[in-house]
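Written below as structure tokens is the structure these notes are about.
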Amino acid sequence: MKKKYSVSPRQLALGVLYEIEEQGAYSNLALGKLLSRVHLPSLERSFLTELVYGTVRTKGTLDWVLRQFVKRDLGRIPPRIRLILRMGLYQIMYLDKVPVSAAVNESVELAKKYGHAGLVKFVNGVLRNIARNLNQVEFPSLDEDPVTHISLVYYHPEWMVRRWLERYGIEETVALCRANNRPAVNCIRANTLKVSREELACRLQQEGIEVQQSPYVPEGLRIAEFSGLDELASFRQGLFMLQDEASMLAAHVLKPEAGSFVIDACAAPGSKTTHMAQLMGNRGKIIAWDIHPHRLKLIEDNCRRLGIDIVEVQLGDARLLGERYPGQADYLLIDAPCSGLGVLRRRPDARWRKNPEKILELQKLQLEILDGAANCLRPGGILVYSTCTLEPEENYLVIEKFKEKHPGFKTQDLSKFLPFPLEREEDRRMAAKGYIQLLPHVHGTDGFFLARLIKNGK
Ligand SMILES: C[S@@+](CC[C@H](N)C(=O)[O-])C[C@H]1O[C@@H](n2cnc3c(N)ncnc32)[C@H](O)[C@@H]1O
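Residues in the sequence shown are numbered consecutively from 1, following UniProt numbering.
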């Protein structure tokens, strides 16, 4: 039974922001946990969600504006007071429906709960001053300083903007940042072992969920409503799996035959493992490895729910797969740990947690996994490498380095394995070389990379 709450949405939002900022909680999990505990009317629920996600997403810009008005180092302001300032400023700058006076007064009321009289005065003074002078705040222009401009106007860390500007130019970088700020399309995969996509669509419509066919994958449905899906009977009966449509391409590009032996090197929570089992008609064998014990249970739960019994879950480091199963597998999927820069739209806090150094560390791990796992393939076996990032260091360049070291592996034209036509000449050229990079601002999916390789020999 959910509790009825007398606490205001702003105070609840402040609690969630504190968990995210000071305790490292993920925004979607912290907010989800709160929403499942408290009973709020739907308007208050959406206001709370807007306050949390909006304040988190725009925090770089909010802090930049605050720094124009606050003399002291923002890092030295007590955390809750700093968050009250950010959340108050978010309402002043971005929420037209909230009167400025309400944004300021409510922030002052919150400050009274968490700070002494001096801090209350400080919050009042800063927010009133900003509200009076906001029209004089000017971001550097796009022409004169594109990095800072894009970073502030579209809420991304400067290092990301810098990278993307070099690669894509101004127009595309802006489009990418905008796409990262829009809500993600939510998708599910019909479990074709139990139901067709059409039957599932009818079932969901009867359960009050709006659905649309995915243009990318034959078993994919785009759904309007996301929360509470796992409470549906159709979910409990294993008729579908939550999975982005770009990620559904991995199993199609690998295309494992029924009856074959497949190794999924980094498998948890099992979206792609279960999709492969589906494409194999639940015939053959899939070994699903993952290094994190608590995540293995997720694969088992998903297999059980979906009625899949060809998967054997094993705890292990993918770097050891080649030694464990030398020359044995027909297919190998390496859905590698990555920086996740292709899925920023899914979590507003994610962009602020990344750093450029991590990208090269991940490249090292990705190469080690490829190096250590590839030998489990038999001659003629197929390897698919995938990530949910856009960064060439973790994608194309990893595969180029891997091929240099393992000349027995060749990339293969993957266009005939894609269940949708490629519209852009650039994508067709890449696919012919064995790669595809999906982009949120171009394809409307998560950012996702795939490479298909064959191991020489019969
Ligand atoms: C991108 S996620 C996999 C998602 C999964 N393939 C799916 O579709 O549901 C990457 C996974 O790699 C695992 N991992 C990280 N390092 C690993 C390693 N050295 N060996 C095996 N698994 C690893 C992580 O625990 C994580 O579950």
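Note that CB positions come from ideal geometry on N, CA and C, so glycine has one too.
Bear in mind that the values here come from a model prediction, so they are computed numbers and not experimental data.
Not one heavy atom of ligand 1 lies closer than 7 Å to the C-beta of W352. For E312, the enclosing beta strand (DSSP E) has its first and last residue at 311-315. At least one heavy atom of ligand 1 lies closer than 7 Å to the C-beta of G270. Checking the DSSP bridge columns, you'll see R222 partnered with C187, Q212.
For the stretch 123-168, the continuous alpha helix (DSSP H) assignments of 4+ residues that do not extend past its boundaries occur at 146-153, in sequence order.
In the displayed model, A451 falls within a strand according to three-state DSSP. Contact between the stretch 317-327 and the stretch 26-36 is not established, with fewer than three Cβ pairs separated by less than 8 Å.
Check the Cα spacing between K121 and each of S107, R132, N133: the tightest is with S107. Only residues of its own chain outside the window of five on either side were considered, and among them Q237, G238, L239, L306, G307 have a CB closer than 8 Å to the CB of K194, listed in chain order. In this structure, ligand 1 has a non-hydrogen atom nearer than 7 Å to the beta-carbon of S247. A distance criterion of 7 Å places the beta-carbon of I291 in contact range of ligand 1, judged by its closest non-hydrogen atom. For the 8 Å CB-CB criterion, L127 and I92 form a contact. Runs of the beta strand (DSSP E) lying entirely within the stretch 355-425 and spanning at least 3 residues, in chain order: 377-387, 409-411. By the Cβ neighbour-count rule, H292 is exposed, with fewer than 16 other Cβ atoms within 10 Å of its own. Beta-bridge analysis with DSSP links K272 to no other residue. The nearest non-hydrogen atom of ligand 1 is 7 Å or more from the C-beta of A224.
Taking G381 as the centre and dropping the five residues before and after it, the same chain places the C-beta of A329, D330, Y331, L332, I454, K455 closer than 8 Å to its C-beta, in chain order.
The nearest non-hydrogen atom of ligand 1 is less than 7 Å from the C-beta of D335.
Straight-line measurement puts the Cα of H275 at about 28 Å from the Cα of I359.
Taking the Cα positions, M241 is about 31 Å away from H156.
Membership of M241 in the beta strand (DSSP E) is indicated by the continuous run 240-242.
Of the candidates E199, D230, A258, L370, D230 places its Cα closest to the Cα of N302.
Fully contained in the stretch 319-353 are the following beta strand (DSSP E) runs of length 3 or more, in chain order: 329-335. Boundaries of the alpha helix (DSSP H) harbouring Q23: 9-23, taken from the DSSP string. Of the heavy atoms belonging to ligand 1, at least one sits nearer than 7 Å to the Cβ of C266. In this structure, H441 and A184 do not form a Cβ contact; the two beta carbons are roughly 13 Å apart against a cut-off of 8 Å. Look at the beta carbons and you see the stretch 370-386 touching the stretch 245-259: at least three pairs across the two are nearer than 8 Å. The C-beta distance from R162 to V147 rounds to 5 Å, short enough to fall under 8 Å. Look at K121 here: in three-state DSSP terms it is helix. Residue side-chain check: I308 keeps its Cβ at 7 Å or more from all non-hydrogen atoms of ligand 1. Comparing C-alpha distances from G54 to each of F261, D349, Y325, L439 shows the shortest one belongs to D349. For A329, the shortest C-beta to heavy atom distance toward ligand 1 is 7 Å or greater. For G281, the closest alpha carbon among the candidates S260, G444, E394 is that of S260. Taking a cut-off of 8 Å on C-beta distances, the stretch 205-220 does not touch the stretch 407-416, as fewer than three cross pairs fall below it. Sequence-distant Cβ neighbours of E172 in its own chain, meaning closer than 8 Å and more than five residues away, are W164, H441.
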